[in-house]
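Taking it in order: structure first as structure tokens, then the write-up.
So, in structure tokens, the structure goes:
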């Protein structure tokens, strides 16, 4: 999306798009884990609830890190 001179001909750079896409995927994963947690609760499987909660938390932490990187890229054009 950017030309050799570094000036973008698109509304966002490839790097911004990449981070936005990954962030979107993480948000969808967090939402999906909420369903999985409820499914595990429905069958009284606390070990599965615990694992899904742990995985969900990991996705949240990764999303927060990605968001920080995205903000930096949007402000500076790179890290």
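Residue numbers (my numbering): 0 to 78.
Positions of the beta carbon are idealized from the N, C-alpha and C atoms, including for glycine.
- Here the C-alpha atom of residue 68 lies approximately 21 angstroms from the C-alpha atom of residue 54.
- Counting every other CB atom within 10 Å of its CB across the protein chains shown gives residue 16 a total below 16, marking it as exposed.
- Around the beta carbon of residue 77, fewer than 16 other beta carbons sit within 10 angstroms, so the residue counts as exposed.
- For residue 78, there is no enclosing alpha helix (DSSP H), as DSSP marks it with neither H nor E.
- The distance from the Cβ of residue 47 to that of residue 39 is about 4 angstroms, consistent with a contact at the 8 angstroms cut-off.
- For residue 24, the secondary structure class from DSSP, reduced to helix, strand or coil, is helix.
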